[in-house]
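J.: Residue numbers 2 to 215, in the working numbering, belong to the letters of the sequence shown in order. A virtual CB, placed ideally from N, CA and C, is assigned to each residue, including glycine. Pasting a structure here, questions to come.
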Amino acid sequence: MRCLLIATIFGVAAVGPVFGQGPETLESNPKWQERCRAAAEVVALGPYDPGWRTAVSNLGQCEDTGGRVLAELWRSRPQDVEVLEPLAIASRRLSDQRILDAVLDIAADEGAETVLRLFALGALVSYVHPRYRAQPAEHEPPGYDSADPAFDGYPLALSVSMHGYTRPGARPFPPGHERRILDEVARIRDSTSDPLVARAARHIVRTVRVEGTP
């Protein structure tokens, strides 16, 4: 299995346009309806289709179809980084309860592969605030020692980005979802037997704050 390092990126974001439910949603536009339908069909063909990554990316802008299909992709439990990476990127662009429920279930599942759980934790970080980002790397740091405080940032290394946006899905998050996410991550930290997942969850709880809180 390939080892994963998640770099959580936060800072001042250039938050893009946010579309509410109703006539302003992209999927209310007939052209976008067709684009979202076509993207879902390509995704169903599997990741070996040459248009799969583009289709997954497009679903991150489809308020209803994207929420449904991206959640289904998470629940299919992919283990290939080449699949998880575009899935995570598309998911963090769409704030939909169906996706959130899927990644919460996976992050907490002791039977799931470590790489999948770490990608799920990365998606959860982005849902605390769209400025947060997660990018994978394949290897642990040279000389890694879990007991050495110098490596407290592994497998989460913090850096800053100036870009990021999110779009409410057809099933938007309820008020206070950020605190629920951090509470769930704290529970994972305290209960998991996976040392990398535990370290990642601990680093999230120590570092990530809901916007506007100390």
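So L197 is in the alpha helix (DSSP H); what residue range does that whole segment cover?
T.: Mapped onto the sequence shown, residue 197 falls at position 196. Start and end: 196 to 208.
J.: Does the Cβ of N1 have 16 or more other Cβ atoms within 10 Å, making it buried, or fewer, making it exposed?
T.: Not covered by the structure: residue 1. The range shown for the chain is 2 to 215.
J.: At which residues does the alpha helix (DSSP H) containing Y128 begin and terminate?
T.: Numbered from its first residue, the sequence shown carries residue 128 at position 127. Y128 -> alpha helix (DSSP H) spans 115 to 129.
J.: Smallest Cα separation from V267: which of D195, T55, H130, A109?
T.: No answer is possible for residue 267: it lies beyond the span of the chain, which begins at 2 and ends at 215.
J.: Kindly confirm or deny that the segment 83 to 96 and the segment 42 to 58 touch, where touching means at least three C-beta pairs closer than 8 Å.
T.: With the cut-off at 8 Å, the segment 83 to 96 and the segment 42 to 58 touch.
J.: Is the beta carbon of R99 less than 9 Å from the beta carbon of A72?
T.: Within the sequence shown, numbered from 1, the residue matching residue 99 stands at position 98. Within the sequence shown, numbered from 1, the residue matching residue 72 stands at position 71. Result yes, Cβ atoms of R99 and A72 sit closer than 9 Å.
J.: Return the Cβ separation of S58 and A91 in integer angstroms, given the expectation that the two are a contact with Cβ distance under 8 Å.
T.: Taking the sequence shown and counting its residues from 1, one reaches residue 58 at position 57. Taking the sequence shown and counting its residues from 1, one reaches residue 91 at position 90. Going by Cβ atoms, the distance from S58 to A91 rounds to 6 Å, so yes, they are a contact pair.
J.: For the alpha helix (DSSP H) that T167 lies in, which residues bound it at each end?
T.: If you number the sequence shown from 1, residue 167 lands on position 166. Unbroken run through T167: none, as it is neither H nor E.
J.: In angstroms with no decimal places, state the Cα-to-Cα distance between L6 and G61.
T.: Here residue 6 refers to the residue found at position 5 of the sequence shown. Here residue 61 refers to the residue found at position 60 of the sequence shown. Because the pLDDT of L6 is 42, which lies under 50, any placement of that residue in the model is unreliable, and the number read from its coordinates should be weighed accordingly. In a straight line, the C-alpha of L6 is about 23 Å away from that of G61.
J.: Would you mind sorting Y49 into buried or exposed? The rule is 16 or more other CB atoms within 10 Å of its CB.
T.: If you number the sequence shown from 1, residue 49 lands on position 48. Exposed.
J.: Grouping DSSP H, G and I as helix and E and B as strand, with all else coil, what is L46?
T.: The residue given as residue 46 occupies position 45 in the sequence shown. DSSP places L46 in coil when its eight states are reduced to three.
J.: I'd like to confirm the pairing. Which residues does DSSP put opposite S96 in its beta bridges?
T.: Walking along the sequence shown from the start, residue 96 turns up at place 95. S96 pairs with P169.
J.: Determine the contact status of H204 and L101, defining contact as a CB-CB distance below 9 Å.
T.: For the purposes of this step, residue 204 is identified with residue 203 of the sequence shown, where counting begins at 1. For the purposes of this step, residue 101 is identified with residue 100 of the sequence shown, where counting begins at 1. No.
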